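Structure, as structure tokens:
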Amino acid sequence: MSEKDSERGTQQSLQINSHTAVYNSVKLGELIPGLFLSKKRIVTRRAYSVHIHCDQSSRYFVIYSLVSPKAPEDFGELLLTMARSFSCH
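In short: position in the sequence shown from 1, add 88, done, that's the working numbering.
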């Protein structure tokens with residue numbers, strides 16, 4: 089897989105329920121083998137993650153999603169909406 093098949097998307101720091109968090113979005117090229125060895129194709133997917141650290145409990149959480157190529161473009165916003173409802177204590 090070449091470098092052009094994956095690209096760094098978004099990375100941003102945010103606060104979720106008084107916790108420091110980092111949001112990441114990455115575009116990946118997944119190599120799908122074909123019936124014949126020479127027939128391979130690349131399917132583009134997006135991966136999203138939110139990393140949250142809780143100083144009070146000394147715990148670290150990751151909310152992660154690898155989405156289908158058919159997922160809506162704004163799926164990252166949906167993941168952020170879900171992450172903002174996170175509560176660890």
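Beta carbons are placed, not taken as given, at the ideal position from N, Cα and C, and that holds for glycine. Remember, predicted model here, so these are calculated numbers, not experimental data.
A distance of 9 Å or more separates the beta carbons of Leu-167 and Leu-116. Counting along the chain, the unbroken beta strand (DSSP E) around Glu-118 starts and ends at 107-121. For Phe-124, the secondary structure class from DSSP, reduced to helix, strand or coil, is coil.
Assigned with DSSP and collapsed to three states, Ala-135 falls in strand. If you draw a straight line from the Cα of Ser-137 to the Cα of Val-150, it comes to about 7 Å.
Taken through DSSP and simplified to helix, strand or coil, Phe-174 comes out as coil. If you draw a straight line from the Cα of Arg-129 to the Cα of Pro-121, it is about 7 Å long. About 7 Å separates the beta carbon of Phe-163 from that of Arg-134, a gap short enough to meet the 8 Å contact definition.
Val-110 is a Cβ neighbour of Gln-100, given a cutoff of 9 Å.
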